[in-house]
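Visitor: Those protein sequences? They're chains A and B, same order as listed. 3 is the number of the first residue of the first sequence in my numbering; add one for each residue after it. 41 is the number of the first residue of the second sequence in my numbering; add one for each residue after it.
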Amino acid sequence: MSDVAAIRTEELTRIYKIRGGKKSDPKELVALKDVDIQVERGELFGLLGPNGAGKTTLIKVLTTLLAPTKGRAYVAGYDVIKDPHEIRSRINMVSGGEASGYGLLTVRENLWMFSQFYGIPSKAANQRIKELLEIVGLGDRLNTKSSDLSSGMRQKMNIVRGFMTDPEILFLDEPTLGLDVGAARDVRNFIRDWMRQEDERTILLTTHYMVEADELCDRVAIINQGKVLACDTPKALKRQLQQVVIFQLQVSPCTVTPGMFDGIQGVRNFNHAHEDGYTTMEFTLEEDDILPAVIHQLAERDIHLLNLDKRQPSLEDVFVHLVGMRMEEVERGETG
Amino acid sequence: MQAETSMAHQNGATRNLRAMGRSFLTAAWLGWQIESNWTDPFLFAIYSVVKPVSGAAILVVMYGIISGGDFDSPLFAYIFLGNAFYIYVGSVMTGVSWAVLDDREHYKTLKYIFIAPIHAPSYLMGRGVARFLTGTISVIVTIAAGMLFLNLQLDLRAVDWPLFFAALGMGVIMLANLGLLLAGVTLTIANHVWFVGDTVAGALYLFSGAIFPLDVLPVWLRPLGFAMPLTYWLELLRRSLVGDVAQAFPTLAGLSNAQLFAILIGLSLLFGILAFAIYRWCEHAARERGLIDMVTNY
Numbered sequence: 003m004s005d006v007a008a009i010r011t012e013e014l015t016r017i018y019k020i021r022g023g024k025k026s027d028p029k030e031l032v033a034l035k036d037v038d039i040q041v042e043r044g045e046l047f048g049l050l051g052p053n054g055a056g057k058t059t060l061i062k063v064l065t066t067l068l069a070p071t072k073g074r075a076y077v078a079g080y081d082v083i084k085d086p087h088e089i090r091s092r093i094n095m096v097s098g099g100e101a102s103g104y105g106l107l108t109v110r111e112n113l114w115m116f117s118q119f120y121g122i123p124s125k126a127a128n129q130r131i132k133e134l135l136e137i138v139g140l141g142d143r144l145n146t147k148s149s150d151l152s153s154g155m156r157q158k159m160n161i162v163r164g165f166m167t168d169p170e171i172l173f174l175d176e177p178t179l180g181l182d183v184g185a186a187r188d189v190r191n192f193i194r195d196w197m198r199q200e201d202e203r204t205i206l207l208t209t210h211y212m213v214e215a216d217e218l219c220d221r222v223a224i225i226n227q228g229k230v231l232a233c234d235t236p237k238a239l240k241r242q243l244q245q246v247v248i249f250q251l252q253v254s255p256c257t258v259t260p261g262m263f264d265g266i267q268g269v270r271n272f273n274h275a276h277e278d279g280y281t282t283m284e285f286t287l288e289e290d291d292i293l294p295a296v297i298h299q300l301a302e303r304d305i306h307l308l309n310l311d312k313r314q315p316s317l318e319d320v321f322v323h324l325v326g327m328r329m330e331e332v333e334r335g336e337t338g
Numbered sequence: 041m042q043a044e045t046s047m048a049h050q051n052g053a054t055r056n057l058r059a060m061g062r063s064f065l066t067a068a069w070l071g072w073q074i075e076s077n078w079t080d081p082f083l084f085a086i087y088s089v090v091k092p093v094s095g096a097a098i099l100v101v102m103y104g105i106i107s108g109g110d111f112d113s114p115l116f117a118y119i120f121l122g123n124a125f126y127i128y129v130g131s132v133m134t135g136v137s138w139a140v141l142d143d144r145e146h147y148k149t150l151k152y153i154f155i156a157p158i159h160a161p162s163y164l165m166g167r168g169v170a171r172f173l174t175g176t177i178s179v180i181v182t183i184a185a186g187m188l189f190l191n192l193q194l195d196l197r198a199v200d201w202p203l204f205f206a207a208l209g210m211g212v213i214m215l216a217n218l219g220l221l222l223a224g225v226t227l228t229i230a231n232h233v234w235f236v237g238d239t240v241a242g243a244l245y246l247f248s249g250a251i252f253p254l255d256v257l258p259v260w261l262r263p264l265g266f267a268m269p270l271t272y273w274l275e276l277l278r279r280s281l282v283g284d285v286a287q288a289f290p291t292l293a294g295l296s297n298a299q300l301f302a303i304l305i306g307l308s309l310l311f312g313i314l315a316f317a318i319y320r321w322c323e324h325a326a327r328e329r330g331l332i333d334m335v336t337n338y
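1. Tell me the DSSP secondary structure of THR108/A in three-state form.
2. The alpha helix (DSSP H) spanning GLN129/A covers which residue range?
3. Taking the alpha carbon of VAL37/A as the point to measure from, which residue in ALA232/A, ASN271/A, CYS256/A, PHE272/A has its own alpha carbon closest?
4. What does PRO157/B touch in chain A if you count any residue whose Cβ is under 8 Å from its own?
5. Bridge partners for SER97/A per DSSP, in chain order?
6. With 7 Å as the threshold, decide whether the Cβ of LEU70/B is near any Cβ in chain A.
7. Cα-Cα, which of LEU274/B, TYR152/B, ALA216/B is closest to LEU173/B?
8. Tell me, please, which residues DSSP counts as bridged to THR286/A.
9. Could you spell out where the alpha helix (DSSP H) holding ASN309/A opens and where it closes?
10. What are the uninterrupted segments assigned as beta strand (DSSP E) that are 3 or more residues long and contained completely in the stretch 191-226 of chain A, given in chain order?
11. Taking DSSP as the reference, what is the three-state secondary structure of VAL225/B?
12. In terms of alpha-carbon separation, which member of MET262/A, LEU174/A, GLY139/A, ASP201/A lies closest to GLY184/A?
13. Out of GLY154/A, LYS229/A, THR208/A, GLN227/A, which has the shortest C-alpha to C-alpha gap to ARG221/A?
14. Could you tell me the alpha carbon to alpha carbon distance between ASP195/A and PRO86/A, rounded to whole angstroms?
15. Helix, strand or coil for GLU45/A, going by three-state DSSP, please let me know.
16. For the candidate residues GLU323/B, SER308/B, LEU188/B, whose alpha-carbon lies nearest to that of TYR272/B?
17. Against chain A, with Cβ distances strictly below 7 Å, would TYR319/B count as a contact?
18. On a Cα-Cα basis, can you pick out the residue from ARG313/A, ASP216/A, LYS147/A, GLU88/A that is closest to LEU239/A?
19. Using a Cβ-Cβ distance under 7 Å, would SER102/A count as near chain C?
20. Determine whether the Cβ of ALA69/A lies closer than 7 Å to any Cβ atom of chain B.
21. Kindly say whether THR65/A, judged by its beta-carbon, lies nearer than 7 Å to any beta-carbon of chain B.
22. With GLU328/B as the anchor, note down where its alpha helix (DSSP H) starts and where it stops.
23. Name, in chain order, the residues that DSSP records as bridge partners for ALA232/A.
24. In chain B, what lies closer than 7 Å to TYR18/A by C-beta?
25. Sorted by chain position, which residues of the same chain lie with C-beta nearer than 6 Å to ASP5/A's C-beta, five sequence neighbours on each side aside?
26. Is the beta carbon of LYS151/B closer than 7 Å to that of GLU100/A?
27. With a CB to CB cut of under 6 Å and the five nearest residues on each side skipped, what residues in its chain are close to TRP72/B?
28. If we cut at 7 Å on Cβ distances, does TYR147/B have a partner in chain A?
29. Taking 7 Å as the limit between beta carbons, can you name the residues of its chain near PHE204/B, skipping five residues before and five after?
30. How many whole angstroms separate the CB atoms of LEU144/A and LEU151/A, which I take to be in contact at a CB cut-off of 8 Å?
31. Mind listing the chain B neighbours of LEU107/A? Cutoff is C-beta to C-beta under 7 Å, in chain order.
32. DSSP state of TYR128/B, grouped into three classes?
33. Which ranges would you report for the alpha helix (DSSP H) in the stretch 152-204 of chain B if only whole runs of at least 4 residues count?
34. Let me know the secondary structure DSSP gives GLU75/B once reduced to three states.
35. Of the choices PRO260/A, LEU64/A, ARG10/A, whose alpha-carbon is the least far from that of ARG327/B?
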């Protein structure tokens with residue numbers, strides 16, 4: 003196994019200049035800020051963060067589509083700025099949630115065409131295309147025009163395009179975005195199987211689905227506002243939260259006021275959501291003994307407890323612990 | 041050590057040549073699929089005939105009104121052939137540059153192509169091949185219509201075919217290079233310039249001697265025409281096809297065919313180097329500014 007890391011970044015920074023009106027100066031948007039990560043060969047590495055966290059920007063830099071503003075990035079040991087040609091023959095990329103491809107070509111023609119860019123002999127390419135399409139359940143669509151495919155099928159075709167070239171390092175940018183539950187599960191299984199087949203295969207996967215990161219990745223970097231906040235195995239990240247306990251309560255419909263539980267010592271975090279006929283409250287507490295005070299507070303306000311669950315910390319909790327907000331709240335632009 | 045370095049260079053060169061070859065051929069195949077499959081073959085054939093003939097017909101009507109119907113004048117052959125071969129200017133330049141917008145905005149594949157081990161200029165030029173082929177059909181149809189219905193004085197037995205094909209080949213390479221320059225510019229700008237190739241071709245129409253000799257232009261505009269390889273290319277094509285008729289015009293009459301060809305090669309080389317340099321700069325700028333996968337949705 004090569005001793006060169008599959009991916010390494012050093013203080014990688016990317017700033018976009020956004021032009022305003024004619025008279026106003028361009029604004030700066032910091033998409034990546036001093037990112038240091040190292041992904042080893044054979045690793046399935048996840049980048050977990052909300053939309054706009056900088057995940058796609060990082061992938062763009064690593065795939066040589068975008069130049070960094072500052073810092074260095076190496077893929078398969080090659081510098082993204084100095085040796086982009088060396089990198090391109092070793093990588094591939096799949097972006098989810100988009101309907102790319104030539105609609106007037108058949109599925110086979112679309113994939114064959116890309117195989118030619120990588121110098122794969124036609125016979126081998128056609129064989130590989132057939133095999134991979136069978137695996138993702140598109141075997142009967144080989145000669146269908148890609149414009150006639152549903153968006154989910156088109157995404158699967160795109161996934162085959164990425165895997166078909168058997169890259170050393172594969173970048174998957176939200177590969178299950180927009181897929182239905184069954185298709186997303188198929189894709190995750192496919193990714194896992196592909197990784198199992200060869201030790202040196204490396205995947206960098208971005209996602210904002212916690213379960214996907216937890217289920218697939220050997221290590222996960224949690225990223226928000228262009229900064230890597232934590233990087234470890236999902237297990238180790240969750241272990242950081244084992245000094246807290248998480249309770250999920252279903253209560254009678256109620257109005258939640260800001261600072262409602264501020265008076266109770268040991269409430270680390272509190273979230274709520276109104277459901278049909280009840281309200282869900284989630285508490286991160288420093289210890290179990292604080293729960294009675296919470297329930298007492300609810301009772302004082304005439305809020306009835308309907309159900310109570312104690313659960314293990316998830317990557318979502320790790321994110322909340324690091325950022326102070328849930329991922330959806332960050333995406334909605336709420337302040338912490 | 042030296043032998044190893046030299047071998048590495050050789051391997052690199054072979055790899056580059058292979059990348060250029062497969063990029064060009066695959067892109068040519070793709071371009072033809074796109075160009076020929078947007079409608080059914082019958083409509084495609086009708087379109088290929090009607091478009092150039094109607095373009096030429098407009099010019100012929102205008103010429104007929106201005107000249108009082110004098111279609112035997114050498115000026116008619118000059119205008120008609122210049123106009124017919126100018127079809128290549130728009131089609132080849134647009135074919136190459138339009139691929140950037142088509143792949144980026146319409147098919148959303150440009151980012152996947154640009155992260156593949158391809159030679160981007162060869163890919164873009166390959167995409168222009170289909171337009172060159174459809175352009176060739178248009179040129180042939182236009183000239184055939186001129187000969188059959190408009191008394192265009194063109195004797196196929198008297199044509200200097202070696203000169204014709206040499207000039208045509210050189211010109212197409214020159215146009216593809218100009219297309220590459222426009223492709224570079226297109227990489228750095230947005231969707232609202234869909235037909236940058238056609239626009240530039242239209243702008244150059246008046247300054248390249250396509251429909252009138254450069255002497256007709258104001259003195260201060262003539263240097264623009266003399267600086268462009270298109271002027272010499274069109275003159276060589278006319279000379280190879282109708283010989284003396286073209287020489288009857290004073291603008292370039294003092295230059296022999298060999299001199300014209302030498303100027304065409306020199307200027308094509310100069311524009312070619314310039315085009316590659318500008319393309320490289322634009323591609324670099326597009327990567328700097330994150331424009332390779334920009335989708336504007338205008």
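Using N, Cα and C, we set each Cβ at its ideal position, and we do this for glycine too. These figures come from a predicted structure and were not determined experimentally.
Guide: Inspection of the coordinates gives the following:
1. strand
2. 124-137
3. Nearest of ALA232/A, ASN271/A, CYS256/A, PHE272/A to VAL37/A, Cα basis: ALA232/A.
4. By Cβ distance, chain A contributes HIS87, ARG90, SER91, PHE119, TYR120, GLY121.
5. Note: SER97/A sits in a beta bridge opposite ASP175/A.
6. yes
7. ALA216/B
8. ILE248/A, ASN271/A
9. That residue, ASN309/A, is in no alpha helix (DSSP H); its beta strand (DSSP E) goes 307-313.
10. Inside the stretch 191-226 of chain A, DSSP marks whole beta strand (DSSP E) runs of 3 or more residues at positions 204-209, 221-226, from first to last along the chain.
11. helix
12. GLY139/A
13. THR208/A
14. 29 Å
15. Of the three classes helix, strand and coil, the one that applies to GLU45/A here is coil, per DSSP.
16. SER308/B
17. no
18. Nearest in C-alpha terms to LEU239/A, of all of ARG313/A, ASP216/A, LYS147/A, GLU88/A, is ASP216/A.
19. Within the model displayed, chain C is absent; protein chains A and B are what it includes.
20. yes
21. So, interface residue.
22. 297-329
23. Bridge partners of ALA232/A: ILE224/A.
24. GLY330
25. none
26. no
27. Here the set comprises ALA170.
28. By this cut-off, TYR147/B is an interface position.
29. LEU277, SER280, LEU281
30. Not quite, the Cβ-Cβ distance comes to about 12 Å (not below 8 Å), so this is no contact.
31. Listed by position along chain B, the residues whose Cβ is nearer than 7 Å to that of LEU107/A are GLN73.
32. helix
33. 160-189
34. Reduced to three states, the DSSP call for GLU75/B is helix.
35. LEU64/A
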